[in-house]
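Protein sequence lines correspond, in order, to chains A and B. In this text, residue positions in the first sequence follow numbering that gives the first Met the number 0: the first is 0, and each later residue adds one. In this text, residue positions in the second sequence follow numbering that gives the first Met the number 0: the first is 0, and each later residue adds one. Positions of the beta carbon are idealized from the N, C-alpha and C atoms, including for glycine. These numbers come from a predicted model, not from an experiment. Everything below concerns the one structure shown next.
2 protein chains.
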Amino acid sequence: MVTPIDPTSAAFLLAENRNMPMHVGGLQLFKKPEGAGRNYVREMFEEMRDVEEIAPLFLKHPHRSLGTAGQLVWQPDEQFDIEHHVRHSALPKPGRVRELLELCSRLHSTRLAWERPLWEAHIIEGLRDGRVAMYTKTHHALVDGVSAMRLLQSVLSTDPDQRNMPAPWGKRPSRSGSKAVEKAEKSLSDIPVQALRTALGITAEAAGMPGALVKTLSKGLRNETSALSLYAPRTIFNQSITGSRRFAAQDWPVERLRAIGKATGTTLNDVVLAMCAGAMRTYLIELDALPEAPLVAMVPVGLNAKQSQLASADGGNAVGSVMVQLATDLHDPADRLARIHKSMQDGKEGLSSMTPVQILAMSALGQAPAILTPILRMQGIVRPPYNLIISNVPGPKTTHYWNGAQLLGTYPLSIPINGMALNITCTSYDGHMAFGLTGCRRTVPHLQRLLTFLDDEVGALEKAAGV
Amino acid sequence: MVTPIDPTSAAFLLAENRNMPMHVGGLQLFKKPEGAGRNYVREMFEEMRDVEEIAPLFLKHPHRSLGTAGQLVWQPDEQFDIEHHVRHSALPKPGRVRELLELCSRLHSTRLAWERPLWEAHIIEGLRDGRVAMYTKTHHALVDGVSAMRLLQSVLSTDPDQRNMPAPWGKRPSRSGSKAVEKAEKSLSDIPVQALRTALGITAEAAGMPGALVKTLSKGLRNETSALSLYAPRTIFNQSITGSRRFAAQDWPVERLRAIGKATGTTLNDVVLAMCAGAMRTYLIELDALPEAPLVAMVPVGLNAKQSQLASADGGNAVGSVMVQLATDLHDPADRLARIHKSMQDGKEGLSSMTPVQILAMSALGQAPAILTPILRMQGIVRPPYNLIISNVPGPKTTHYWNGAQLLGTYPLSIPINGMALNITCTSYDGHMAFGLTGCRRTVPHLQRLLTFLDDEVGALEKAAGV
Numbered sequence: 000m001v002t003p004i005d006p007t008s009a010a011f012l013l014a015e016n017r018n019m020p021m022h023v024g025g026l027q028l029f030k031k032p033e034g035a036g037r038n039y040v041r042e043m044f045e046e047m048r049d050v051e052e053i054a055p056l057f058l059k060h061p062h063r064s065l066g067t068a069g070q071l072v073w074q075p076d077e078q079f080d081i082e083h084h085v086r087h088s089a090l091p092k093p094g095r096v097r098e099l100l101e102l103c104s105r106l107h108s109t110r111l112a113w114e115r116p117l118w119e120a121h122i123i124e125g126l127r128d129g130r131v132a133m134y135t136k137t138h139h140a141l142v143d144g145v146s147a148m149r150l151l152q153s154v155l156s157t158d159p160d161q162r163n164m165p166a167p168w169g170k171r172p173s174r175s176g177s178k179a180v181e182k183a184e185k186s187l188s189d190i191p192v193q194a195l196r197t198a199l200g201i202t203a204e205a206a207g208m209p210g211a212l213v214k215t216l217s218k219g220l221r222n223e224t225s226a227l228s229l230y231a232p233r234t235i236f237n238q239s240i241t242g243s244r245r246f247a248a249q250d251w252p253v254e255r256l257r258a259i260g261k262a263t264g265t266t267l268n269d270v271v272l273a274m275c276a277g278a279m280r281t282y283l284i285e286l287d288a289l290p291e292a293p294l295v296a297m298v299p300v301g302l303n304a305k306q307s308q309l310a311s312a313d314g315g316n317a318v319g320s321v322m323v324q325l326a327t328d329l330h331d332p333a334d335r336l337a338r339i340h341k342s343m344q345d346g347k348e349g350l351s352s353m354t355p356v357q358i359l360a361m362s363a364l365g366q367a368p369a370i371l372t373p374i375l376r377m378q379g380i381v382r383p384p385y386n387l388i389i390s391n392v393p394g395p396k397t398t399h400y401w402n403g404a405q406l407l408g409t410y411p412l413s414i415p416i417n418g419m420a421l422n423i424t425c426t427s428y429d430g431h432m433a434f435g436l437t438g439c440r441r442t443v444p445h446l447q448r449l450l451t452f453l454d455d456e457v458g459a460l461e462k463a464a465g466v
Numbered sequence: 000m001v002t003p004i005d006p007t008s009a010a011f012l013l014a015e016n017r018n019m020p021m022h023v024g025g026l027q028l029f030k031k032p033e034g035a036g037r038n039y040v041r042e043m044f045e046e047m048r049d050v051e052e053i054a055p056l057f058l059k060h061p062h063r064s065l066g067t068a069g070q071l072v073w074q075p076d077e078q079f080d081i082e083h084h085v086r087h088s089a090l091p092k093p094g095r096v097r098e099l100l101e102l103c104s105r106l107h108s109t110r111l112a113w114e115r116p117l118w119e120a121h122i123i124e125g126l127r128d129g130r131v132a133m134y135t136k137t138h139h140a141l142v143d144g145v146s147a148m149r150l151l152q153s154v155l156s157t158d159p160d161q162r163n164m165p166a167p168w169g170k171r172p173s174r175s176g177s178k179a180v181e182k183a184e185k186s187l188s189d190i191p192v193q194a195l196r197t198a199l200g201i202t203a204e205a206a207g208m209p210g211a212l213v214k215t216l217s218k219g220l221r222n223e224t225s226a227l228s229l230y231a232p233r234t235i236f237n238q239s240i241t242g243s244r245r246f247a248a249q250d251w252p253v254e255r256l257r258a259i260g261k262a263t264g265t266t267l268n269d270v271v272l273a274m275c276a277g278a279m280r281t282y283l284i285e286l287d288a289l290p291e292a293p294l295v296a297m298v299p300v301g302l303n304a305k306q307s308q309l310a311s312a313d314g315g316n317a318v319g320s321v322m323v324q325l326a327t328d329l330h331d332p333a334d335r336l337a338r339i340h341k342s343m344q345d346g347k348e349g350l351s352s353m354t355p356v357q358i359l360a361m362s363a364l365g366q367a368p369a370i371l372t373p374i375l376r377m378q379g380i381v382r383p384p385y386n387l388i389i390s391n392v393p394g395p396k397t398t399h400y401w402n403g404a405q406l407l408g409t410y411p412l413s414i415p416i417n418g419m420a421l422n423i424t425c426t427s428y429d430g431h432m433a434f435g436l437t438g439c440r441r442t443v444p445h446l447q448r449l450l451t452f453l454d455d456e457v458g459a460l461e462k463a464a465g466v
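Structure follows, in structure tokens:
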């Protein structure tokens, strides 16, 4: 059955090019269960591959032809081949995390071909410490990054003894914990008039450039509303990008970060931002490329139902954005953290005082910067509205398992775009805060050094906070 | 610099779709040199990747836009990224040949994206016997299968002590053994009026359906010339195909096959065909799908300069085709070999009595069955003109090395097309005859069984021949 593609998904498909693939990724690390045989990874791969029925979301691909009057539609893949989508891979020796990140970088660089359903999953063996990795890749036209991660998590269980658990792409009866699939499905095209759809509708309108909305946006970006009143300097991150990707990831105990927040009267999110700020300062100084003015990050924040004026059903999904000054001009870690805390507070206040349509417009910005960037450029806004996006998406707090394999960590891979060559997405899981850094390899050299600098910054903040 | 794409290459690009990728592949197995360290494969990969300058053939990609008036042109890749093209991969455990063939099947199934130069090379570690594998993939619009293999071989040396040898895609000064690159380059568009180009021109004309040539072709295929006067029954191989590929490969000592030929008064090529015939008979019987009438193979044969009426420069490249009856209706291996020998002789005689244009038309057929198939269908030829293509391409007779690594074997991966779901390409190297079987996984189930049957057939032929 051919179904229409909603305008936002279509925009993600059409905005895509070789330099700007529009898929989100996830890297998950598992510990083999007790008593796993030496063919464990192959068995895990086979379980993932041999699903009885695939969920419709994973069976359709975009199609455009004379028969559809040139319109993009979703079409079921009549020759769906699970072997193309679920793959068993291995790391070259010595099988360190470095080799894993190299493989993920490579896999994340390649576009998904429209002629097949827009997803891939790689079950990866060969880590010398015996862990098993899974890299997944899903087009943004199907799900956003948060939904993709929730989808992956939706099949996990807190029970280490549970077995016969489905693969994330398997079709499940709607009662048995398949909310994420349902939600992802719903967010596409099936819902009539609903909360999320309204927000998405605005992005679509923006892509079509209706005068009033663009005016609202550009007004905001011209410092005329408080939530957007920051000046972002030009940096190496704000250039055109190529199609080469580098991915780096690491996690730190939430306890350590929370202790810093407690001692300084700041939030966990403030500490995450301060880590990024300090790491980026060191990184840019080393490249002799630190601008005088402090960097500005766009930080998506959750909106409550009142703020977003959304119907209750999907209200929790609404996201607004705050512009946060990263204080990269300050030498002292404690000063940086304090300024970030203040900037975040100001931004949130500004956000609450915004009109609903402004909030939704910001929400659209957060979801579709690639679509809006050309519009902004047409409006004569030549300096970057912000330097990078830093997202922090809370995940499950307890240990989860897939058929007895313990999920040790989960790391998001996001979408760099022209003018925004680095993306930092954090997610917490089971007491750890995971950082996923995705960048254009040519524009952001030696991306992996940022991991060292992030680690240094945790130490510096602890010292400054006296914990 | 934008350069035009010659009509044949354009036809290969345009004929391509998800079910019919138009790239040829090669699998090469190497033995590590004495004293290789444990990072040997990584070092080999790095040597392959870090070439100083890439040959132009490997830098261009097809492009079509308003600026080119909708015409396909070659365009240099301004953002060429060697990391996208040369990759370091590893096999899952237990690292048998089976895992290697699975990986090659998977890599061979995916289309090359037009937005980048149309090639990939994978340096593969993880074979448990310590061998190193290299899988390469090149679009048929750049080179045909034979040229691709020669290109790979052109960088090898017979001297195990030679070092500092280039990668196949590195730019080399034209004197130092880069004839294959040159030839591949030349065969594209740069040569004015020349032998090969004439042959290619005919295919192009055929794609444009000039009356006279199509008449020649269809006349031939309607049993009106001796070289084409065979009836090919319908088989499972002659169906529409999907985009899933299976690749199987193995080699046998040329000595064994030659001994059979000697004892029976047949050629090495006859024995190769008899092996295929016997294996296919067993395979089809097992599937209860053996047709009563014997299968017919199209076998490309080299043409001498007189036959092909080509100028001396590139004359050696010309290829004609013989239709060979595979005698799959006969139970006895010796009878099959004898009938194949006779059929091959008849075909070659028919070929020498063909007019030059007929020979060139057959040559075109051999090079571009995908292009001609729709034409044949339009001409009302509904039964398959032949059941499969079996090529036998002679390779180097002596041991070759790449920077001290001994080439142990080299196996071709070819292009199944609609109506021709299985392709068998053989190549000899260093005393071994290698068989590469490429098929559509759905249309040709359990392809790898053919290897066992091929091996059985060698034994049966030896017994029949009394060697």
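For residue j and residue i, believed in contact at Cβ under 8 Å, the rounded distance
i: residue 442 of chain A; j: residue 412 of chain A; result: 16 Å between Cβ atoms; not a contact.
i: residue 464 of chain A; j: residue 262 of chain A; result: 4 Å
i: residue 122 of chain A; j: residue 83 of chain A; result: Actually they are not in contact, since the Cβ atoms of residue 122 of chain A and residue 83 of chain A sit about 14 Å apart, beyond 8 Å.
Proximal chain C residues relative to residue i, where beta-carbon distance stays under 9 Å
i: residue 241 of chain A; result: Among the protein chains in the structure shown, which are A and B, there is no chain C.
Under 7 Å between C-beta atoms of residue i and residue j
i: residue 124 of chain B; j: residue 91 of chain A; result: yes
i: residue 321 of chain B; j: residue 295 of chain B; result: no
i: residue 450 of chain A; j: residue 247 of chain A; result: yes
i: residue 290 of chain A; j: residue 234 of chain A; result: yes
i: residue 136 of chain A; j: residue 24 of chain A; result: yes
i: residue 243 of chain A; j: residue 80 of chain B; result: yes
i: residue 57 of chain A; j: residue 116 of chain A; result: yes
i: residue 417 of chain A; j: residue 241 of chain A; result: no
i: residue 432 of chain B; j: residue 425 of chain B; result: yes
i: residue 21 of chain A; j: residue 139 of chain A; result: yes
i: residue 156 of chain B; j: residue 400 of chain B; result: yes
i: residue 249 of chain A; j: residue 133 of chain A; result: no
i: residue 252 of chain A; j: residue 459 of chain A; result: no
i: residue 236 of chain A; j: residue 111 of chain A; result: no
i: residue 61 of chain A; j: residue 12 of chain A; result: yes
i: residue 85 of chain A; j: residue 120 of chain A; result: yes
Beta strand (DSSP E) segment containing residue i, residue limits
i: residue 121 of chain A; result: 118–124
i: residue 60 of chain B; result: 59–62
i: residue 54 of chain A; result: Premise fails: residue 54 of chain A is in no beta strand (DSSP E) and is neither H nor E.
i: residue 433 of chain A; result: 431–439
i: residue 136 of chain B; result: 131–138
Opening and closing residue of the alpha helix (DSSP H) in which residue i lies
i: residue 261 of chain A; result: 253–263
i: residue 268 of chain A; result: 267–285
i: residue 47 of chain A; result: 39–48
i: residue 463 of chain B; result: 448–464
Contacting positions in the stretch 75–105 of chain A - beta carbon closer than 9 Å to chain B
So the close ones are 78, 80, 82, 83, 86, 87, 88, 89, 90, 91, 92, 93, 94, 98, 101, 102, 104, 105.
Using a Cβ-Cβ cut-off of less than 8 Å, give me the residues of the stretch 115–138 of chain A that come near chain B, in sequence order.
For the stretch 115–138 of chain A, the set of positions with a beta-carbon nearer than 8 Å to some beta-carbon of chain B reads 115, 124, 125 in chain order.
To be precise: take each residue of the stretch 451–464 of chain A, compare its Cβ to all Cβ atoms of chain B, and keep it if any distance is under 8 Å. Which residues remain?
Residues of the stretch 451–464 of chain A that bring their beta carbon within less than 8 Å of a beta carbon in chain B are absent altogether.
Between the stretch 129–136 of chain B and the stretch 73–93 of chain A, do at least 3 Cβ pairs fall closer than 8 Å?
With a cut-off of 8 Å, the stretch 73–93 of chain A and the stretch 129–136 of chain B do not count as touching, because too few Cβ pairs lie within range.
Please list the residues of the stretch 25–54 of chain A that have a C-beta atom closer than 9 Å to any C-beta atom in chain B, keeping them in chain order.
From the stretch 25–54 of chain A, only 37, 38, 40, 41, 44 have a Cβ closer than 9 Å to chain B.
Kindly confirm or deny that the stretch 405–421 of chain A and the stretch 160–170 of chain A touch, where touching means at least three C-beta pairs closer than 8 Å.
Segments in contact, no.
Under 9 Å, CB to CB, which of the residues in the stretch 10–21 of chain A have a partner in chain B?
With the criterion set as a beta carbon lying under 9 Å from some beta carbon of chain B, the members of the stretch 10–21 of chain A are 16, 17, 18, in sequence order.
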